[in-house]
Every structure is written in structure tokens, then in C-alpha cells.
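Asks: Provided herewith is a single structure, encoded as C-alpha cells, for subsequent inquiry.
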Amino acid sequence: MVLVDPDSFLRTLGIKQEKGVYALNTFGATCRHGEYLSKAGECCTVCNKGLVVLRDCIGDYSTTCAPCTKGTFMNVRNRLHTCFLCKTCDRGLYILQNCSTIKDTVCEVLDGYYCVQHSDGECSLAMKHSECKPGEQIKTPGTKSSDTVCEACPSGFYSPEGVRCFKWNVTFSSLC
Numbered sequence: 001m002v003l004v005d006p007d008s009f010l011r012t013l014g015i016k017q018e019k020g021v022y023a024l025n026t027f028g029a030t031c032r033h034g035e036y037l038s039k040a041g042e043c044c045t046v047c048n049k050g051l052v053v054l055r056d057c058i059g060d061y062s063t064t065c066a067p068c069t070k071g072t073f074m075n076v077r078n079r080l081h082t083c084f085l086c087k088t089c090d091r092g093l094y095i096l097q098n099c100s101t102i103k104d105t106v107c108e109v110l111d112g113y114y115c116v117q118h119s120d121g122e123c124s125l126a127m128k129h130s131e132c133k134p135g136e137q138i139k140t141p142g143t144k145s146s147d148t149v150c151e152a153c154p155s156g157f158y159s160p161e162g163v164r165c166f167k168w169n170v171t172f173s174s175l176c
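In the UniProt record's numbering, the protein residues as written are 1 to 176.
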């Protein structure tokens, strides 16, 4: 399965984003805003979010738009014939918001993980926080954006589980 970056794909079709709004470039045609030039040379009305072109307009018949099916979406007014595939949340991520016909899936980092790769302003890959080894303690706990930082226990201290360092207690009974 090939996933396409919606913003890049829309730019290749002459749809550009300006201040959060997508505008259709009709390459010098005389179509009005909100219309596109069909292959037949007619100015057709674009489809709304959640819909794609089933048939271009022709003569007295307007553009026929069809809804995106389950697992697909269209987040802009468009002249496209295919909806975008909804993304899936990879390991270390969970679905914060399900995909709808007008919006892609929103993924969030699971507790105990941190983001190592972003795509389109959102985390696309997360890794489990590192665990400190015995003899170390947690210097800085991991967050959703950074890994755990460990440090060695100072002299005279020990850490059996790699979480916190404790001072050695030497007693005569422990020497026997």
C-alpha cells in the first residue's frame, strides 16, 4: 500500500495552500474561484470536503461528487477522483482521533514512549523509554518528546533496580 502525503499531492495538482486555505490553480483558464477546468475544457464546480469527483460536469450537468468510503478521507475542496487513505498509528502510538471522511487519523504517543520522528507536525514513530541499569538512577524521566536520562550512582551509593540510588549501610552483622 502506498500512502501519499496529501499536501504534496495537492500541490502537484495545482492546489496550493495559502494561510490555511487551499486555492485551485487553473493554469490560466477563465474558471472562477471554486471551479476547475475539466479535461473537456469546461469549468466545473469542485467537490466539498469528504467528497471526490465521480464525473466532471458537462453541458447542463454539474459535477457529480461521491463520498469518501470508510478508511479514506478528503480534507479540502477538490477536483480529485480518489480520497486519501487514512493513516494507521504505528507502534508506540495510539489513536487520539479516528479518521473521518473529512479528517485524517490523529495519533498520539503512548505513556512510556517518546517521539523519535515527526511528519506533518505530528509524531509518526515512537520508541519505548530506556530503562536505567543497576548502579544507575534516573536523572531525568522520559517524556513524550524525550528519552529517559540515566546517571551513575555516586561513590558510596547503590541502585539495585536502576531507579534510585541508596546510601550503603555497613553494619557488623552484614560483615559476618
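In this text, a Cβ means the ideal position worked out from N, Cα and C, and glycines have one as well.
Going by C-alpha distance, which of Met74, Ile102, Phe84, Lys128 is nearest Asp111?
Replies: Within the sequence shown, the letter at position 111 stands for residue 111. Ranking the options by Cα distance to Asp111, first place goes to Lys128.
Asks: Using the Cβ count rule (16 or more neighbours within 10 Å means buried), how would you classify Gln137?
Replies: Here residue 137 is taken as the residue at index 137 of the sequence shown, counted from 1. Gln137 is buried by the Cβ-count criterion.
Asks: Going by C-alpha distance, which of Leu54, Asp104, His81 is nearest Asn75?
Replies: Taking the sequence shown and counting its residues from 1, one reaches residue 75 at position 75. Out of Leu54, Asp104, His81, Asp104 has the C-alpha closest to the C-alpha of Asn75.
Asks: Under three-state DSSP, which class holds Ser124?
Replies: Within the sequence shown, numbered from 1, the residue matching residue 124 stands at position 124. In this structure, Ser124 counts as strand in the three-state DSSP scheme.
Asks: From the DSSP secondary-structure annotation, give me the bridge partner or partners of Pro67.
Replies: Your numbering for residue 67 matches position 67 in the sequence shown. According to DSSP, Pro67 bridges with Leu51.
Asks: Determine the extent of the beta strand (DSSP E) in which Thr101 is found, giving its start and end residues.
Replies: Your numbering for residue 101 matches position 101 in the sequence shown. Unbroken run through Thr101: none, as it is neither H nor E.
Asks: From the DSSP output, which residues share a beta bridge with Ala152?
Replies: Here residue 152 is taken as the residue at index 152 of the sequence shown, counted from 1. In DSSP, Ala152 forms a bridge with Glu136.
Asks: Under the DSSP definition of a beta bridge, which residues are partnered with Thr45?
Replies: Taking the first residue of the sequence shown as 1, we reach residue 45 at position 45. Its beta-bridge partners are Glu35.
Asks: Nearest-angstrom Cα distance between Phe166 and Cys132?
Replies: In the sequence shown, residue 166 corresponds to position 166, counting from 1. In the sequence shown, residue 132 corresponds to position 132, counting from 1. The straight-line gap from Cα to Cα measures roughly 15 Å.
Asks: Identify whether Ser130 lies in helix, strand or coil by the three-state DSSP scheme.
Replies: Stepping through the sequence shown from its first residue, residue 130 is reached at position 130. Three-state DSSP puts Ser130 in coil, outside helix and strand.
Asks: Roughly how many angstroms lie between the CA atoms of Gly162 and Tyr114, to the nearest whole one?
Replies: What you label residue 162 is simply residue 162 of the sequence shown in a count that begins at 1. What you label residue 114 is simply residue 114 of the sequence shown in a count that begins at 1. One C-alpha to the other measures close to 19 Å.
Asks: On the DSSP letters alone, give me the boundaries of the beta strand (DSSP E) that Ser119 sits inside.
Replies: Here residue 119 corresponds to residue number 119 of the sequence shown, with the count starting at 1. Counting along the chain, the beta strand (DSSP E) containing Ser119 begins and ends at 113-119.
Asks: So, is Ala126 buried or exposed, given that buried needs 16 or more other C-beta atoms within 10 angstroms?
Replies: Indexing the sequence shown from 1 puts residue 126 at position 126. Buried.
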